[in-house]
Ligand code: SF4
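Numbering (the numbering used here), first residue to last: 69 to 450.
Shown next, in the form of structure tokens:
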């Protein structure tokens, strides 16, 4: 099916670009919050939503994801207005997932977010070790994070925790002990990311200065294996490379839209979007800087700095790369219907190496293959 397929889902991503402080490992499109007036940016985001509605036409929304940056710096009233506007423009499906990413420092606003309609909160815990939190440049302590986790549990139907492991000097015993404490918390969902050194982030300069050395690939891979084993034993399903849920009801349905190559409106500075109109698939990217974004919205009714029609080859490559991230893999028929073929020779080779499995109409990564997801995707994609 080439046109919009509601089974793949339609969601709305809102990027709030401000953070209380910029973390040294971060390469997202973020800006220091300072004491700025956020009302003009907020109005531009609402206007951008209206522009998107004209492009997508009528369809119901499965999810809203308020990401960033730090969207928990928004007021409860701002969040409520975003939710109401999405519902007015598209209509939210009953039980639609509405997620906000939150910094533990903002726990005092959790009840307001819940009253605004948010039902899922993704808490940026990052570590339970205060020294590591300091190293990561975070403003919260582990005890702040635990209090915020309790507040979130009381307010939302689903709570996810974000952690960063494979930090310099972190050996297997240290990560095992920390992860055991995290698992005892019993969160509904865990997003567990290895620390990566992004070019341009402050950490890249620290590494260049030889202030410290990142973990090598073998040690990182060892920690990944520990992570998969411990979360599995604790009852978490590794439904995606870095994401673990206690039961299907706690999987991120918004992120599932990305992995299924569904459609999403991406509003706010630097937000990416995808949409299908007729038989055409479009990729969009909003202007990065808040000032440029606001100007775009004022002059064009949309924040886009880029909108590109994806040809079938690019679309098929996305379906492979995104589909391989989830445990069940991608449907080969989804690639065929775009007139494309995965590389059967490479698939067979990866199967012999135990990195890929194929069943009926699907190709998926094995647990070993997950460590090499990007390389495998690029090699088997058409
Ligand atoms: S709070 Fe998150 S988005 Fe903001 S700078 Fe830190 S890592 Fe980046």
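Ideal Cβ positions, reconstructed from N, Cα and C, are used throughout, including at glycine. Quantities reported herein were computed from a predicted structural model and do not represent experimental measurements.
Below 8 Å, how does it come out for the stretch 189-198 and the stretch 165-175: are there three or more Cβ pairs, yes or no? yes
Quick one: measure Cβ to Cβ for residue 330 and residue 76, integer angstroms, because I've assumed they're closer than 8 Å. 3 Å
Consult DSSP for residue 337 and reduce its assignment to one of helix, strand or coil. coil
Length of the line joining the Cα atoms of residue 328 and residue 309: 14 Å
Are three or more beta carbon pairs between the stretch 142-153 and the stretch 177-187 nearer than 8 Å? yes
Can residue 307 and residue 296 be called in contact, C-beta distance under 7 Å? no
Is residue 90 close to the ligand SF4? I mean its beta-carbon at under 6 Å from any heavy atom of the ligand. yes
Is residue 96 near the ligand SF4, going by C-beta to nearest heavy atom under 6 Å? yes
Sufficient close CB pairs (3 or more, under 8 Å) joining the stretch 120-133 to the stretch 192-212: no
For residue 258, list the residues DSSP reports as bridge partners. 229, 312
CB residue 86 to CB residue 334, shorter than 7 Å? no
Can you tell me where the alpha helix (DSSP H) with residue 202 in it begins and where it stops? 198-203
Since residue 131 and residue 165 should fall inside the 8 Å C-beta cutoff, what is the C-beta to C-beta distance between them, to a whole number of angstroms? 4 Å
According to DSSP, is residue 105 helix, strand or coil? coil
Flag this pair as touching only if the stretch 254-273 and the stretch 221-231 have three or more C-beta atom pairs under 8 Å; answer yes or no. yes
At least three beta-carbon pairs within less than 8 Å, the stretch 421-431 to the stretch 393-401: yes
Quick check: does the Cβ of residue 167 come within less than 6 Å of any heavy atom belonging to the ligand SF4? no
Between the Cα of residue 439 and those of 71, 266, 299, 289, spot the shortest distance and give me the residue it belongs to. 289
I'd like the span of the beta strand (DSSP E) that includes residue 23, first residue to last. With the chain running from 69 to 450 in the structure shown, residue 23 is simply not present.
Got a sec: does the ligand SF4 put a non-hydrogen atom nearer than 6 Å to the Cβ of residue 366? no
For residue 440, three-class secondary structure by DSSP: helix
Heavy atom of the ligand SF4 within 6 Å of residue 38 beta-carbon: Examination of residue 38 is not possible in this model, given that the chain is present from 69 through 450 alone.
Please determine, among 324, 267, 406, 119, the residue with the shortest C-alpha to C-alpha distance to residue 394. 324
Among 405, 406, 445, the one whose alpha carbon lies nearest that of residue 418: 445
Backbone secondary structure at residue 142 - three-state DSSP: coil
Cα-Cα separation between residue 294 and residue 284, rounded to whole angstroms: 16 Å
Spatial neighbours of residue 385 within its chain, please: CB distance less than 7 Å, with the 5 preceding and 5 following residues excluded, ordered by chain position. 449, 450
Considering only C-alpha positions, which residue in the set 235, 196, 201, 206 is nearest to residue 217? 196
Can you tell me where the alpha helix (DSSP H) holding residue 295 begins and where it ends? 285-301
With a cut-off of 8 Å on the beta carbons, I'd call residue 407 and residue 379 a contact; round off their distance for me. Wrong, their Cβ atoms sit about 10 Å apart, outside the cutoff.
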